[in-house]
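Chains as they are written, first to last, in our numbering: chain A, 1 to 282; chain B, 1 to 282; chain C, 1 to 282; chain D, 1 to 282.
All C-beta atoms in this analysis are idealised placements derived from N, C-alpha and C, irrespective of residue type, glycine included.
Notes for the one structure printed next.
Number of protein chains: 4
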Amino acid sequence: MTLGETIKMGTFLGHALPGSFFYFMGLWWSTKYILKYACKKYKRSCYFNSKSSFYRIEILEGIIIISMALIGITAEQFVPGGPHLTLYDYKEGHWKRLTSWHHCTMYFFFGLVGVTNILSQIYRSLPGSLPKLMLSNAFFVEAFIFHNHTHGQDMLEVFVHQLLSMVILVTGILIFIDFMRSNIILALLHTSFLLLQGSWFWQIGFVLYPLNGGPAWESTDHNNMMFLTICFCWHYAASLTVIGLNFALVTWLVKSKLRRSCPTEVGLLTKAEREQESEEEL
Amino acid sequence: MTLGETIKMGTFLGHALPGSFFYFMGLWWSTKYILKYACKKYKRSCYFNSKSSFYRIEILEGIIIISMALIGITAEQFVPGGPHLTLYDYKEGHWKRLTSWHHCTMYFFFGLVGVTNILSQIYRSLPGSLPKLMLSNAFFVEAFIFHNHTHGQDMLEVFVHQLLSMVILVTGILIFIDFMRSNIILALLHTSFLLLQGSWFWQIGFVLYPLNGGPAWESTDHNNMMFLTICFCWHYAASLTVIGLNFALVTWLVKSKLRRSCPTEVGLLTKAEREQESEEEL
Amino acid sequence: MTLGETIKMGTFLGHALPGSFFYFMGLWWSTKYILKYACKKYKRSCYFNSKSSFYRIEILEGIIIISMALIGITAEQFVPGGPHLTLYDYKEGHWKRLTSWHHCTMYFFFGLVGVTNILSQIYRSLPGSLPKLMLSNAFFVEAFIFHNHTHGQDMLEVFVHQLLSMVILVTGILIFIDFMRSNIILALLHTSFLLLQGSWFWQIGFVLYPLNGGPAWESTDHNNMMFLTICFCWHYAASLTVIGLNFALVTWLVKSKLRRSCPTEVGLLTKAEREQESEEEL
Amino acid sequence: MTLGETIKMGTFLGHALPGSFFYFMGLWWSTKYILKYACKKYKRSCYFNSKSSFYRIEILEGIIIISMALIGITAEQFVPGGPHLTLYDYKEGHWKRLTSWHHCTMYFFFGLVGVTNILSQIYRSLPGSLPKLMLSNAFFVEAFIFHNHTHGQDMLEVFVHQLLSMVILVTGILIFIDFMRSNIILALLHTSFLLLQGSWFWQIGFVLYPLNGGPAWESTDHNNMMFLTICFCWHYAASLTVIGLNFALVTWLVKSKLRRSCPTEVGLLTKAEREQESEEEL
Chain A
1 MTLGETIKMG TFLGHALPGS FFYFMGLWWS TKYILKYACK KYKRSCYFNS KSSFYRIEIL
61 EGIIIISMAL IGITAEQFVP GGPHLTLYDY KEGHWKRLTS WHHCTMYFFF GLVGVTNILS
121 QIYRSLPGSL PKLMLSNAFF VEAFIFHNHT HGQDMLEVFV HQLLSMVILV TGILIFIDFM
181 RSNIILALLH TSFLLLQGSW FWQIGFVLYP LNGGPAWEST DHNNMMFLTI CFCWHYAASL
241 TVIGLNFALV TWLVKSKLRR SCPTEVGLLT KAEREQESEE EL
Chain B
1 MTLGETIKMG TFLGHALPGS FFYFMGLWWS TKYILKYACK KYKRSCYFNS KSSFYRIEIL
61 EGIIIISMAL IGITAEQFVP GGPHLTLYDY KEGHWKRLTS WHHCTMYFFF GLVGVTNILS
121 QIYRSLPGSL PKLMLSNAFF VEAFIFHNHT HGQDMLEVFV HQLLSMVILV TGILIFIDFM
181 RSNIILALLH TSFLLLQGSW FWQIGFVLYP LNGGPAWEST DHNNMMFLTI CFCWHYAASL
241 TVIGLNFALV TWLVKSKLRR SCPTEVGLLT KAEREQESEE EL
Chain C
1 MTLGETIKMG TFLGHALPGS FFYFMGLWWS TKYILKYACK KYKRSCYFNS KSSFYRIEIL
61 EGIIIISMAL IGITAEQFVP GGPHLTLYDY KEGHWKRLTS WHHCTMYFFF GLVGVTNILS
121 QIYRSLPGSL PKLMLSNAFF VEAFIFHNHT HGQDMLEVFV HQLLSMVILV TGILIFIDFM
181 RSNIILALLH TSFLLLQGSW FWQIGFVLYP LNGGPAWEST DHNNMMFLTI CFCWHYAASL
241 TVIGLNFALV TWLVKSKLRR SCPTEVGLLT KAEREQESEE EL
Chain D
1 MTLGETIKMG TFLGHALPGS FFYFMGLWWS TKYILKYACK KYKRSCYFNS KSSFYRIEIL
61 EGIIIISMAL IGITAEQFVP GGPHLTLYDY KEGHWKRLTS WHHCTMYFFF GLVGVTNILS
121 QIYRSLPGSL PKLMLSNAFF VEAFIFHNHT HGQDMLEVFV HQLLSMVILV TGILIFIDFM
181 RSNIILALLH TSFLLLQGSW FWQIGFVLYP LNGGPAWEST DHNNMMFLTI CFCWHYAASL
241 TVIGLNFALV TWLVKSKLRR SCPTEVGLLT KAEREQESEE EL
């Protein structure tokens, strides 16, 4: 591979890596929320719901998030052609690969979320809903970064990143609303936006740095924007479907598990109770 | 008719069809909400309010919405000059009628609303307010699509579609607020925006593809924008009037029906109760 | 006066008239809200608070609003150079004075507010908070109209109207929040924005159509924008001051009136009660 | 120093002064909120929490804010090259240093906050949450001013001021939400935005008027925007860290003070109580 191809490969991976991270976290959080919801709905203190197991899960989640952030920062810095921790090239008089620094800053704020997750489990004097706000915060920072990620670039590159910025902003807003007022549907909705963000990162990689070695898409063709608009919607439809299947799967698992352990006590709430339930805190 | 005229006819119908659908749904939903409100206000378990009849109505509503979505998708794809389910014309090397695909994607998300409507009636483990959120969601997707519907078009076409996008966005926001906190006036307000959306779709058809065979309106004349601005307001005034008349009609029907069946028991709540009432869940 | 001067005079009055209307309504509404608040705070059923007197006041308010709307529409249509109820000049092939039609549409929606005011007092089956929503609605429509009022105009004219549009949008949002959750401070805040709107209409008149016969301000000078920005803030400071003085005056009047009628019973609530009070419904 | 250097020094100080003021207030408010929260959490009527001491603190805060506003206005007006209280230079026919007048108007609205602070402590008939709304208001006005601060300037100057305007707008929104629904985390979040605003003012000074005598940064280089974007995020990370350290410090102080005065009674709430607590009013 020539150097140009190596860098191109690097920038493709630079989009594939966060894409995979967000997709994975979206899947995991949707599972966690559905588990909590299903456990509560069937009015059983199943073992996932017990305080001590959740304590351990939250700590583990924090460690995983911090690891992802560290992996991301390391990859961005030491990839071939990366900035290698220098910010300014004094000899040549220009900034060094600021896009990599943008990605690093994004990872850093997600690292903070992991730290807050762990701290708020250990130190009880911290307010309980702090990690949720920090998460919402990290998405707002990310949206801000990607909004300013493409100064002076082509129309196509600007467009795909603006779509990304939009979905991140919506995620941040949804988590913020969820922070003000917990609600299972809102929680699932924001995880679906996480999946969308994850798969869209991959899509950006394919559009701007095609793996088959061909050139990037024609950046001045308005029809490409038109297509990417619906393509974006299809990604969203796919992520909604994934969340739906996950919901069906987890609910079925919880139900069948409970049926085996104590078959007589499993009962559904009445419709009236159910509606009220859905408005409750998660 | 020449081919050009056929295509023009097609694009006119492409706007008239969703316009009619939205207008119809706006009328129906406003009727449903007013019925529920009037039944509750007169403190009578009238037959519309009974669980089983509402169960059937919701299922029926879901089926109708899915049918509309399927009709819309079919019409967009197989109209003369439509894309016939192909996305890219490899021979000529360009996208095939992406505007049709935009409309199809829009219909698809409304189809999802219908599916959710039916599923949430059948499976009780689904949260009760899910269909409302999916509806709000479908409008947000639609607003997004129409916002990106006119890349590289004339000022006039951009303007009428931006107005459309704005009214759809407001509808989505209103349904989202309604999802967080049910309220009869908000519900009626969002149906009035549905009527506005429906009639504006028609207006777009008349402006861009005049049926009398004349050319589209002059697209660079600022006065056309100025006129369409107030024309948009007049559409809104008309839709508010329709909702008002509907309110008067349905309330009168419910009252007169109740008077006939059990004339002594019909009584109005006092003013104080009334105000409190209007804040309650629908 | 020449015809040009007459038209200029007309357009000046076209801004002075709504300015005076909004200023007057802002003053009146702030007085009404403070009266309600003061009466409630001093825990006395003073005569303003009695149901029947408020019934009459609301009807009267409705009539005054409708009259203002009718006066405004008539003035806009039949001023020298006005459109005289025709929309399109078929002979010359252009729209007739669309800015006047814009103003008429604005007045029409405020007329609707007056009608709703009266209807919701007479017909008890209407939801109680409807007039507030219609008012918020009228401001949103007005903001939309003024946002599209200056297609193809100079930078200066665009700027002063965008400021106007912004203040109207904020008024609409504040009334909407007030509709969701009544609160005395929010109510006073939106009346202060009404005063701002009123005085800004006058300012626009003076900037674009100076009465001393001189030309309009230089429309390409960025410093004019800079000045109008702070000038706008000063108008706002003035309207906050007016509301503050009004608050002091009305509270003093209510207190002194009560002291005269039954001096022993007037007592202030404790601090704790007071804070809770301010969160309550108006 | 030449006159040019003096003016440059003046404009640097014009940014350093408000920056220091906002940073100081951010530090103080975060301390106050954490104190209140910690005192409440440990269920002890510590002396900071007593009515009379808080009464005195609020009055003092009002006086400090008014002093800052007066210092700011005086400095802006009488700095070398300042407008010296004249608005228009009739001889030369242009506005006099409107940027200074912008800053003065901003200070004036913060002065109003101080006045409201004092008035609402002295006169009990004023609604209790008024100062919070006035504060939110002052930030909205400031955001408006800085949004219009750079008409006709370079891309770089526009960009750094737009970032400033954004952070101020977010501060205003957060205080407004806090006004609607008190919450310790929201309160701390808005103080972190105050710190960000303070340090960003300093950054603007360094970017546009470098103290080492060098020229301002190259204003047409897109990479400078890219760097300032992440630089802005780093400022934010720093301000979050400061708030975190402040939280740790104040909580530790309150705990240790309580332990000394009455060691047996200090106990932490259980997890369940804690979570509920954090949702409560401050």
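Nearest CA to the CA of residue i: which residue from the options?
{"i": "Lys132 (chain C)", "options": "C:Thr99, C:Ala187, C:Leu253 and C:Lys91", "result": "C:Ala187"}
{"i": "Thr229 (chain B)", "options": "C:Leu245, C:Arg181, C:Phe144 and C:Asn183", "result": "C:Phe144"}
{"i": "Glu61 (chain C)", "options": "C:Asp89, C:Trp29, C:Pro80 and C:Cys39", "result": "C:Trp29"}
{"i": "Met225 (chain D)", "options": "A:Trp200, A:Phe110, A:Leu27 and A:Trp95", "result": "A:Trp95"}
{"i": "His190 (chain A)", "options": "A:His15, A:Pro215, A:Leu27 and A:Ser20", "result": "A:Leu27"}
{"i": "Leu194 (chain A)", "options": "A:Pro127, A:Phe139 and A:Gly93", "result": "A:Phe139"}
Answer with yes or no whether the minimum CB distance from residue i to chain D is below 8 Å.
{"i": "Phe193 (chain C)", "result": "no"}
{"i": "Ile145 (chain A)", "result": "yes"}
{"i": "Phe54 (chain A)", "result": "no"}
{"i": "Phe108 (chain A)", "result": "yes"}
Report the CB separation of residue i from residue j in whole angstroms; it is logged as a contact under 8 Å.
{"i": "Asn223 (chain D)", "j": "Leu35 (chain A)", "result": "Not quite, the Cβ-Cβ distance comes to about 46 Å (not below 8 Å), so this is no contact."}
{"i": "Cys231 (chain A)", "j": "Gln197 (chain A)", "result": "In fact, because the Cβ distance is near 14 Å, the residues do not count as touching under 8 Å."}
{"i": "Asn117 (chain B)", "j": "Glu58 (chain B)", "result": "6 Å"}
{"i": "Ser125 (chain A)", "j": "Lys41 (chain D)", "result": "7 Å"}
{"i": "Ile66 (chain B)", "j": "Phe108 (chain B)", "result": "Between Phe108 (chain B) and Ile66 (chain B) the Cβ distance is about 11 Å, and since that is not below 8 Å, they are no contact."}
{"i": "Leu156 (chain A)", "j": "Ser199 (chain A)", "result": "18 Å between Cβ atoms; not a contact."}
{"i": "Ser192 (chain C)", "j": "Ser239 (chain C)", "result": "5 Å"}
Is the shortest distance between the beta-carbon of residue i and the beta-carbons of chain C less than 8 Å?
{"i": "Lys41 (chain B)", "result": "yes"}
{"i": "Leu189 (chain B)", "result": "yes"}
{"i": "Leu226 (chain B)", "result": "Looking at the sequence provided, one finds Met at residue 226 (chain B) rather than Leu. It does: the Cβ of Met226 (chain B) has a partner Cβ on chain C nearer than 8 Å."}
{"i": "Trp95 (chain D)", "result": "yes"}
Along chain A, which residues have their Cβ under 9 Å away from the Cβ of residue i?
{"i": "Thr105 (chain B)", "result": "Thr229, Ile230, Cys233, Trp234 and Ala237"}
{"i": "Leu135 (chain B)", "result": "The premise fails here: Leu135 (chain B) is roughly 12 Å from chain A at the closest Cβ pair, so nothing lies under 9 Å."}
Would you mind sorting residue i into buried or exposed? The rule is 16 or more other CB atoms within 10 Å of its CB.
{"i": "Phe78 (chain A)", "result": "exposed"}
{"i": "Ser129 (chain B)", "result": "buried"}
{"i": "Ile175 (chain C)", "result": "buried"}
{"i": "Thr251 (chain D)", "result": "buried"}
{"i": "Ile71 (chain B)", "result": "exposed"}
{"i": "Thr171 (chain A)", "result": "buried"}
{"i": "Tyr90 (chain A)", "result": "exposed"}
{"i": "Ser45 (chain D)", "result": "Residue placement at Ser45 (chain D) cannot be trusted, given a pLDDT of 49 that sits under 50; what the coordinates show is reported in the next sentence. By the neighbour-count rule (16 or more Cβ atoms within 10 Å), Ser45 (chain D) is not buried but exposed."}
{"i": "Leu245 (chain A)", "result": "exposed"}
{"i": "Ser53 (chain C)", "result": "exposed"}
{"i": "Pro80 (chain D)", "result": "exposed"}
List the residues of chain B whose Cβ lies closer than 9 Å to the Cβ of residue i, in chain order.
{"i": "Ile184 (chain A)", "result": "Pro127"}
Quick check on residue i - is its C-beta less than 8 Å from some C-beta in chain B?
{"i": "His15 (chain A)", "result": "no"}
{"i": "Asn223 (chain A)", "result": "yes"}
{"i": "His161 (chain C)", "result": "no"}
{"i": "Gly152 (chain C)", "result": "yes"}
{"i": "Asn148 (chain C)", "result": "yes"}
Which residues of chain C have a Cβ atom closer than 7 Å to the Cβ of residue i, listed in chain order?
{"i": "Thr251 (chain B)", "result": "Ser125"}
Please report whether the beta-carbon of residue i lies at a distance below 8 Å from any beta-carbon of chain A.
{"i": "Val113 (chain B)", "result": "no"}
{"i": "Glu280 (chain B)", "result": "Any reading at Glu280 (chain B) must be qualified, since the residue scores a pLDDT of 38, below 50, and its modelled position is unreliable; no value is offered."}
What in chain C is Cβ-close to residue i, meaning under 9 Å?
{"i": "Leu98 (chain D)", "result": "Asn223, Met226, Phe227, Thr229 and Ile230"}
Using a C-beta to C-beta distance shorter than 7 Å, which residues of chain A count as neighbours of residue i?
{"i": "Leu130 (chain B)", "result": "Ile185"}
{"i": "Trp101 (chain B)", "result": "Ile230"}
Determine the chain C residues that contact residue i at a beta-carbon separation under 8 Å, and present them in chain order.
{"i": "Asn117 (chain D)", "result": "The contacting residues do not exist; Asn117 (chain D) stays about 14 Å from chain C at best."}
Could you tell me if the beta carbon of residue i falls within a distance shorter than 7 Å of some heavy atom in the ligand COA?
{"i": "Thr241 (chain D)", "result": "As for the ligand COA, it is missing from this structure, which has no ligand bound."}
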